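Residue numbers (this note's numbering): 908 to 1128. Yeah, the Cβ is synthetic: ideal placement off N, Cα and C, and Gly gets one too. Predicted, not measured: the structure shown is a model, and the values here were computed from it.
In structure tokens:
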């Protein structure tokens, strides 16, 4: 089943599922996802850099775990799936900094005004991750070291070195931190790195497929 939504709808949807108060937003919760994941106790958000919708369509079989719900997210994709009592949810975009800010705030770029790393460091707007942390939900962010340091409040911050070319360290961190956190966000960059080196995405897709299967298989209830 496929629906059209935009990146601003991701944070409001997560907020509705986990019971987080999101004071400012441009997007709205996606009813189908909220209903499907209403009993979710643990949620994982994977932001897969470089995965546009055309690439997702081509490799959907490799990236889609069993029992999922796919939503078109102009011009990209969100995919949600329950994990044996847990839930995961990922969004994708190619313009990294403003797109991640949109995903995590539920605001359009003209509202959040985050376009560079400097903007990220200076912004007073709290992301869905930080808001969750202030509202009693143990939350974690896994991304490049400089980006991870920008998060405030009691968020568990795990910086990943730039030489984690295939995202192996990032995925290990997701699995490890799931023992402590109920809302985990990770930025995976292997596909984007392949594109920057003018490599075909096939190998990167296989790596991502393996990572997603690892996460769904190894994260404990």
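Listed in chain order, the alpha helix (DSSP H) runs fully inside the region 1034 to 1072 are 1035 to 1041 and 1052 to 1056, counting runs of at least 4 residues.
The residue among 1034, 957, 1030 and 1023 with its C-alpha nearest the C-alpha of residue 1010 is 1034. The distance from the Cβ of residue 927 to that of residue 1098 is about 29 Å, inconsistent with a contact at the 8 Å cut-off. Counting C-beta atoms within 10 angstroms of its own C-beta, residue 1103 has fewer than 16 neighbours from the protein chains shown and is therefore classed as exposed.
In this structure, the straight-line span from the alpha carbon of residue 924 to that of residue 1108 is close to 33 Å. In this structure, the straight-line span from the alpha carbon of residue 1052 to that of residue 943 is close to 34 Å. Short of 7 Å from the beta carbon of residue 1003, and not among the five residues preceding or following it, lie these beta carbons of its own chain, in chain order: 956. Classified as exposed, residue 1087 has fewer than 16 neighbouring CB atoms from the shown chains inside 10 Å of its CB. One thing to note: residue 1058 has its Cβ no nearer than 8 Å to the Cβ of residue 1044. Exclusion of the five residues before and after residue 1018 leaves 933 as the residues of its chain whose Cβ lies within less than 6 Å of its Cβ. Here residue 1090 is bridged, per DSSP, to 950 and 1046. The beta-bridge partner set that DSSP reports for residue 955 consists of 1095.
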